[in-house]
Every structure is written in C-alpha cells, then in structure tokens.
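Q: Structure provided below as structure tokens; questions to follow.
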Amino acid sequence: MSQTTGTLLSPPPVTGGSRRKGRLPRWAAWAVFGTALVLVAGIGLPAGLALALVVLFTGVLGTLALYVLSRVTENRRTATDRLVTCVVVGAFALAMVPLLSLVYEVVSRGIGRLDGEFFNSSLVGVIGEGGGAYHAIFGTLIITGLTALISVPIGLLTAIYLVEYGSGRLKKVITFLVDVMTGIPSIVAGLFAYALFAIFFGPGVRLGIAGAVALSVLMTPVFVRSAEEVLKLVPNELREAAYALGVPKWRTVVKIVLPTAVAGLGTGVTLAVARVIGETAPLLVTVGITNATNLNPFDGRMATLPVYAFYQLTQPGVPPEFAIDRAWTAALLLIALVMALNVVARLISRFFAPTTGR
Amino acid sequence: MAKRIDISDLNIYYGDFRAVADVTVSIEPRSVTALIGPSGCGKSTFLRSINRMHEVLPGARVEGKVSMDGQDLYGPDVDPVDVRRQIGMVFQRPNPFPTMSIYDNVAAGIRLNARKMKKSDLDALVERSLQGANLWREVRDRLNRPASGLSGGQQQRLCIARAIAVEPDVLLMDEPASALDPISTLAIEDLMTEMKERFTIVIVTHNMQQAARVSEQTGFFNLSAAGQPGRLIEFNSTEKIFSNPDEKATEDYISGRFG
Ligand SMILES: Nc1ncnc2c1ncn2[C@@H]1O[C@H](COP(=O)(O)OP(=O)(O)OP(=O)(O)O)[C@@H](O)[C@H]1O
Ligand SMILES: [Mg+2]
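Going line by line, the protein sequences match chains A and B. For the first sequence, the numbering used here gives the first residue as 1, with consecutive numbering after it. For the second sequence, the numbering used here gives the first residue as 1, with consecutive numbering after it.
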C-alpha cells in the first residue's frame, strides 16, 4: 500500500532522457522563431513568396524546429508541452487574423472622414465631397432606443414569468417559442414589421417605428434569454427570506429579485442592443433611407447608419470615392458604437453588482 | 403576543414523497419548544409547514390541520402571506439581502410591506432589534455598509434581528446557532429566554445541551429507514425527555447510542 502511494506521489517517470538534462533558456523559443523567420524570408521573399505565406511557413518551421530541439536537449514531456503551446498560440493567432484585419481595414479607411462635418451635417444637397451622417447617427440612436423601449419591458416580463411564475405546459411552450424567435432571420423580421404596418398605412409604408418593431422582434428573444439566466442566478434563499417576512410574491420580485439581478439585466440590455444596432436588412425594408434629417420615427423615412453605409457603398454616384469613404466611416462608427456598448455593459456589471464578499 | 399552535395529523409531501407523517402536537405559547432528531428526518420540513413556507417549493404540499389560537392556518380563505407575517422564521443558512445595507436588512420587513413608520421610530426599532440579536455593538458604526460584508455568524444574527423586527407572534428558528461561536450562541439562547415572554418560539437544533438549556418542551423526530417518512416519536417536557424519556429510541438518540 505504502509502496503505491510512494509511486503515486513521486514525479512520473521521465522517458526519452534523464531529468538532469538541461532546460532551454527562456529566449530559446524566440531565437528559434527568429531564425525560422530569417530563413523563410531570406529564401522566400526573393522568390516572390506572399507575406502571409512567409508568416505561415515561419510558424510551421519554428514549431517543428523547437520541438526537435527540445526533444534533443530537454525531455519528451517538455517537448510535447512546447509543441502544444505552439499549436495553441498558433490557433489563437489564426483566429485573431480576421478580427484584426477587419478592424485595421475599417479604421484605416474610415478614419479619414471622421471629422466634424461627418457628425454635423446630413447629405442634403451633397454631391461628391463632404456631407455627413448626422441624420443617420441620430436615426440609429432613435430607432434602437425605441427598440429597447419596446423589447426591454416585454422581455423582462416574459423572463419574470418564466422564472418566477411559469410552470407546466405554458412555460415549455413559451420557452420553445423564444428559442424559435432567436433563430428568425433578420429579413423575415423586417418583412413581418413591413406587412404589419402596410395593413394600416398601405403598401410602401416607411416609418422609423416600423423599423423599431422589426428590431424588437430580433431583440426581445435575445433579451428574454439573458434575463432568464440572470434571474435564475438570484439565490432562492433570498426569495424565501422575503416570503418569511410576509412579503407578497410580486413585491419580492420587484424589491428583492430585480435589484439583486440589476447588474446582469443591465448587461443583458446593452448586449442585446449591440446585437441589433448593426442590423441592415430589416431597416432597409421598413425604414428606407433619406438624405435629409428626419428625427420623427412616426413620420416617413429615416436614415440609419447601417442602411446609410449600404447605400453609400452600392449607389455612390459620380465620382464614387467620396461616398465610399463615407460608407467606411459609417461602418467605423457602428463598430465604435458596439464596442462602447460592450464597455458600458462591463461598467454596469462592475458598479451595480451586489458585493458578495464575506 | 404569543400564540398557541395546534397541529393534528399533519402529513408533509415533496411531490409523491412523504417526508413527514402523522404529526399531532400542541405548541404552548410563551415557551420555547425544541425539535431534535437525526439529519434528514424532516425537522426543517415540519418547521416550514407551520408558517406555510413549505408550499413555495414546486410540488410541495401539506395534508392535515395546523391552527394558531384556534384559527386554521390552512383554511381556504387564509392568505399564506398573512400567516408568514405572524409567524417569523430564521433559516438554517444566513440569508441577508445582499443589495441592502445592514440597516435596510433589519428594516426590510417594515419597508417591503410598505408599512409607514416615522424615521425616528424606525431607527429605534432597528437599534432594538439589533440589540436583541446581540449585534448592535458590532455594527452600530457601520449600519449603512452592505450586509454581505459581515461574517457568517454576524449575518445569522442579522437575520434574527430582521425576523424579530416585525414582531411576529411565533418565531421559528432552524438551527439558528449552527454557524455561531459559543459567545453568540449563548447570546442567542439568552435572547430566546427573554423573547419567549412575547413570542412562541420553536427551534430546531442538533445541540442537545442547547435544547436542554433553552426549551420547556422537546420533540424528538426520527425515521425508521431511509426513504421512510419522519415521525414525531416523542413529545414531552424537556426535563422528562432528557432524564427519563418514554421511548427507547429517544433515550438512545440522546445518549448517543444511535444507529
Ligand atoms: N426540496 C426538497 N425536495 C425534495 N425532498 C426534500 C426537499 N427538502 C428536503 N427533502 C427531503 O425531506 C426529508 C426531510 O428533510 P429535512 O430538510 O426536513 O431534514 P432535517 O431534519 O431538517 O435535516 P437536517 O438536520 O440535516 O437539517 C429528507 O429525506 C429530504 O431528502
Ligand atoms: Mg434542517
């Protein structure tokens, strides 16, 4: 018995070399990859190898070289460790490539028009140079604001029903429908809202509020899901503590459950908004586009950033480059908005989270 | 105002599982009643059925009769919320409201029920309740700090203060001292002795000395085998239970010759 314990506790036997063999210095990995880079670039570049391939080959060559080097000078376990580390880092780098190149592309092309005029003026009377997206920025803010105004109460109440009150078949059906709604293609949501408003206002209707309704169809299920998760996280003991004080159920939900979950709910709202703020297709069919500033969502076409970018790109006019620049800047602005919303979500969950430290 | 509780033929279920069977007992007002018994025999379940907390769990139900001063607590026109206002409860694990300050936790019973009270009266009530739970000296200069910053034992005393702040007629305590140090335990035992003038107190405890020290009546719960319902084996005066119990099982349990 004690023998077994002894073996278990002692370090696993080392194969492929004694443990006394040296360890590679910390800079060894860098040196190996540096050498690989010099080699590949030295041979490849004159032969007309693309830069991306140089990087790729360097990674592969460096990984193999490091593995072999480690096998020879260190032991097998360390060598395997180094190999896996290289593969993991490589996979991570590969995953970052599209993200970084996208951000780089959008920033480098969009930064040029990120000027005062872009924020201050609309497209009225603009042919060619200049012009801005003032109308589209406010259009996006108004329509997403309205969307949140519609979705948050509906979504929150649905989540409260599902977590606090629902049981049996109705709860299952609602959960299922919410799941189905999460998968609705955005153009379908747009067509739904268009058809709905066309009943009342006739065909060809274009209204900001119709866009908000379309986006709500997309946002509500997302928010229901996250709110449900957050409400489930509120410990049952807190509800019981309130019940034991003779607090009715609805008051317990309003005064105990929601305040405890407020941080998570705030995060859920911002992330759900971020999910819909860049939607283009539903707004294309419900809100359309306009060159002038229209801040009234109940009266005719409005401009929004995604649709604005779409039209600037697809119908740039002559000469096209100015409109295309504006499209990139609008895209940059959208990304910045989504990023800002994510930061806001983090701040919310940091500042509103109940301190749980014991 | 202490009140008397009469229970007859009480069966308590979790779905199809009968956790407690055929309990008939009377709990005297102005006294401390202790419930003892091995883990899993249904003491908490029984306690929670007295103030209708049992039924908040899905599928949980109760058969039988529980009445307080003659009023049927499970009557068709009785609102469980009203029952819980009159019968307070302290749970096995401390559960202060994490979003609220210490002060707000104690005032929670008043505030959450939207009862109007002058600020000065509320201040006095909070102080009185915290003193009653032997917590006042430790927290008086940080009443507005979050309750989650207290130690486990302090949190439990905060929960006791919260429960007595609403002045219930009956106070149910489920192992209130299992997380406390001897000094706080003693303080809570003193508190019970003092409170029994005003409340009817029922306490679940695994600590025999505690049951012997604080209670007038003691009930012994047991279950014959795993999966069987727990039953009230013996209910007698504490003195008798600990010196000369009627049942052999009680004696075995108390003297540690159990199982
Ligand atoms: N929520 C629940 N759902 C189903 N069964 C439960 C639930 N809570 C308790 N039970 C069961 O009911 C029985 C009694 O449990 P209870 O919590 O009342 O025991 P207890 O006497 O308080 O034990 P302890 O001394 O460990 O606190 C046990 O068999 C337990 O498994
Ligand atoms: Mg228990």
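In this text, a Cβ means the ideal position worked out from N, Cα and C, and glycines have one as well.
Taking the C-alpha atoms as reference points, what is the distance between B:Ser101 and B:Val139?
A: Your numbering for residue 101 of chain B matches position 101 in the second sequence. Your numbering for residue 139 of chain B matches position 139 in the second sequence. Rounded to whole angstroms, B:Ser101 to B:Val139 spans 11 Å at the Cα level.
Q: From the DSSP output, which residues share a beta bridge with B:Asp6?
A: For the purposes of this step, residue 6 of chain B is taken as the residue at position 6 of the second sequence. Note: B:Asp6 sits in a beta bridge opposite B:Ser26, B:Ser67.
Q: The beta strand (DSSP E) that contains B:Thr200, what's its start and end?
A: Here the question's residue 200 of chain B lines up with position 200 in the second sequence. 200-204 is the span of the beta strand (DSSP E), which, as asked, contains B:Thr200.
Q: Pull the bridge partners of A:Tyr243 from the DSSP assignment, please.
A: Along the first sequence, one-based indexing puts residue 243 of chain A at 243. Paired residue(s): none; A:Tyr243 is not in a bridge.
Q: Please work out which residues of its chain come closer than 7 Å, Cβ to Cβ, to B:Phe199, disregarding the five sequence neighbours upstream and downstream, and give them in chain order.
A: The residue you call residue 199 of chain B lines up with position 199 of the second sequence. For B:Phe199, where only same-chain residues beyond five positions count, the Cβ hits under 7 Å are Ala2, Pro168, Asp169, Val170, Leu171.
Q: Buried or exposed for B:Gln209, going by 16 or more other Cβ atoms inside 10 Å?
A: Walking along the second sequence from the start, residue 209 of chain B turns up at place 209. Classification of B:Gln209: exposed, given that the 10 Å Cβ count is below 16.
Q: If you follow the alpha helix (DSSP H) that B:Arg85 is part of, which residue opens it and which one closes it?
A: Here residue 85 of chain B refers to the residue found at position 85 when the second sequence is read from its first residue. Per DSSP, B:Arg85 belongs to the alpha helix (DSSP H) from 80-86.
Q: Are the beta-carbon atoms of A:Pro297 and A:Ile187 separated by less than 8 Å?
A: To locate residue 297 of chain A, count along the first sequence from 1; it is residue 297. To locate residue 187 of chain A, count along the first sequence from 1; it is residue 187. Their beta carbons are not under 8 Å apart, which means A:Pro297 does not touch A:Ile187 by this criterion.
Q: Residues in the same chain with beta-carbon distance under 7 Å from B:Gly109, minus the five sequence neighbours each way, listed in chain order, please.
A: Position 109 of the second sequence, counted from the first residue, corresponds to residue 109 of chain B. Arg162, Ala165, Val166, listed in sequence order.
Q: Less than 8 Å between the beta carbons of A:Glu279 and A:Leu215, yes or no?
A: Taking the first residue of the first sequence as position 1, residue 279 of chain A is located at position 279. Taking the first residue of the first sequence as position 1, residue 215 of chain A is located at position 215. Going by C-beta atoms, A:Glu279 is nearer than 8 Å to A:Leu215.
Q: Identify the continuous alpha helix (DSSP H) that holds A:Phe223 and give its terminal residues.
A: Numbered from its first residue, the first sequence carries residue 223 of chain A at position 223. A:Phe223 -> alpha helix (DSSP H) spans 208-233.
Q: Tell me the DSSP secondary structure of B:Leu35 in three-state form.
A: Translated into positions along the second sequence, residue 35 of chain B becomes position 35. In this structure, B:Leu35 counts as strand in the three-state DSSP scheme.
Q: Compute every distance between the C-beta of B:Gln210 and the non-hydrogen atoms of ligand 2, then say whether any falls below 7 Å.
A: Taking the second sequence and counting its residues from 1, the one referred to as residue 210 of chain B is at position 210. Checking every heavy atom of ligand 2 against the Cβ of B:Gln210, none is found closer than 7 Å.
Q: Using the three-state DSSP reduction, which class does A:Gly22 fall into: helix, strand or coil?
A: Within the first sequence, residue 22 of chain A is the residue found at index 22, counting from 1. Coil, per DSSP.
Q: So, is the C-beta of B:Asn236 closer than 8 Å to a C-beta in chain A?
A: Numbered from its first residue, the second sequence carries residue 236 of chain B at position 236. Output row for B:Asn236: interface = no.
Q: Using a 10 Å radius around the Cβ and a threshold of 16 neighbouring Cβ atoms, would you call A:Pro203 buried or exposed?
A: For the purposes of this step, residue 203 of chain A is taken as residue 203 along the first sequence, with counting starting at 1. A residue is called buried once 16 or more other Cβ atoms fall within 10 Å of its Cβ, and A:Pro203, having fewer, is exposed.
Q: Along chain B, in chain order, which residues have C-beta atoms closer than 7 Å to that of A:Leu247?
A: Residue numbering aside, residue 247 of chain A sits at position 247 when the first sequence is read from its first letter. In the sequence as presented, Leu is not what sits at residue 247 of chain A; that position holds Val. Going along chain B in sequence order, the residues near A:Val247 (Cβ under 7 Å) are Leu112, Asn113.
Q: So, is B:Lys43 buried or exposed, given that buried needs 16 or more other C-beta atoms within 10 angstroms?
A: Stepping through the second sequence from its first residue, residue 43 of chain B is reached at position 43. Answer is buried; the Cβ neighbour count reaches 16.
Q: With 8 Å set as the bound, which would you pick, yes or no: does the beta-carbon of A:Arg251 sit closer than that to a beta-carbon of chain B?
A: Numbered from its first residue, the first sequence carries residue 251 of chain A at position 251. At least one CB atom of chain B sits nearer than 8 Å to the CB of A:Arg251.
Q: Could you list the residues in the segment 79-91 of chain B with a C-beta less than 9 Å from some C-beta on chain A, going in chain order?
A: Asp79, Pro80, Val81, Asp82, Val83, Arg84, Arg85, Gln86, Ile87, Gly88, Met89, Val90, Phe91
Q: List the DSSP bridge partners of B:Val302.
A: Only positions 1 to 259 of chain B appear in this structure, which leaves residue 302 of chain B out of reach.
Q: Closer than 6 Å by C-beta to B:Tyr13: which residues in its own chain qualify, once you throw out the five before and the five after it? Chain order, please.
A: Residue numbering aside, residue 13 of chain B sits at position 13 when the second sequence is read from its first letter. Excluding sequence neighbours, B:Tyr13 sits near Arg61.
Q: Please go through the same chain and pick out, in chain order, the residues whose beta-carbon is closer than 6 Å to the beta-carbon of A:Pro282, but skip the five residues on each side of it.
A: Counted from its first residue, the first sequence places residue 282 of chain A at position 282. Only Ser186, Ala189, Gly190, Ala214 meet the Cβ criterion.
Q: In its own chain, which residues sit with a C-beta less than 7 Å from the C-beta of B:Asn51, not counting the 5 before and 5 after it?
A: By one-based count along the second sequence, residue 51 of chain B stands at place 51. Only Val83, Arg84, Ile87, Met89, Leu172 meet the Cβ criterion.
Q: Please list the partners that B:Ala108 has in chain A, where partner means a Cβ-to-Cβ separation under 7 Å.
A: Taking the second sequence and counting its residues from 1, one reaches residue 108 of chain B at position 108. Contact of B:Ala108 with chain A by beta-carbon distance below 7 Å involves Leu245.
Q: I believe B:Thr205 touches B:Ile36 by the beta-carbon criterion, under 8 Å. Please report the beta-carbon distance rounded to the nearest angstrom.
A: On the second sequence, position 205 is the one that residue 205 of chain B refers to. On the second sequence, position 36 is the one that residue 36 of chain B refers to. Right, the Cβ-Cβ distance comes to about 6 Å (below 8 Å), so this counts as a contact.
Q: Whose C-beta lies closer than 8 Å to the C-beta of A:Asn294 among residues of the same chain, with five residues either side of it excluded?
A: Here residue 294 of chain A refers to the residue found at position 294 of the first sequence. Contacts found: His135, Gly139, Gly208, Gly300, Arg301, Met302, Ala303.
Q: Beta carbon of A:Trp328, beta carbon of A:Val54: below 8 Å?
A: Translated into positions along the first sequence, residue 328 of chain A becomes position 328. Translated into positions along the first sequence, residue 54 of chain A becomes position 54. No, they are not a contact pair.
Q: At which residues does the beta strand (DSSP E) containing B:Ile233 begin and terminate?
A: Reading the second sequence from its first residue, position 233 is the one you call residue 233 of chain B. Run containing B:Ile233: 230-237, per the beta strand (DSSP E) assignment.
Q: Is B:Asp79 near ligand 2, judged by its Cβ being under 7 Å from some heavy atom?
A: By one-based count along the second sequence, residue 79 of chain B stands at place 79. Incorrect: B:Asp79 has no Cβ contact closer than 7 Å to ligand 2.
Q: How would you call B:Ile183, buried or exposed, if buried means at least 16 neighbouring beta carbons within 10 angstroms?
A: Sequence index remark: in the second sequence, residue 183 of chain B carries index 183 (1-based). Flag for B:Ile183 reads exposed.
Q: Check whether the segment 183-195 of chain B touches the segment 333-353 of chain A, counting contact only when three or more Cβ pairs, one atom from each stretch, lie closer than 8 Å.
A: no
Q: Quick one: does the C-beta of B:Gln92 sit closer than 7 Å to a heavy atom of ligand 2?
A: Here residue 92 of chain B refers to the residue found at position 92 of the second sequence. Indeed, a heavy atom of ligand 2 lies less than 7 Å from the Cβ.
Q: Starting from A:Gln315 and walking both ways along the beta strand (DSSP E), at which residues does that stretch end?
A: Here residue 315 of chain A refers to the residue found at position 315 when the first sequence is read from its first residue. Per DSSP, A:Gln315 belongs to no beta strand (DSSP E) and is neither H nor E.
Q: Regarding B:Ser44 and ligand 2, is the C-beta to nearest heavy atom distance less than 7 Å?
A: Position 44 of the second sequence, counted from the start, is the residue given in the question as residue 44 of chain B. Yes - ligand 2 has a heavy atom lying nearer than 7 Å to the Cβ of B:Ser44.
Q: According to the Cβ coordinates, are A:Thr182 and A:Val222 closer than 8 Å?
A: As a first step, residue 182 of chain A must be located in the first sequence, where it is residue number 182. As a first step, residue 222 of chain A must be located in the first sequence, where it is residue number 222. Cβ distance < 8 Å, so A:Thr182 and A:Val222 count as in contact.
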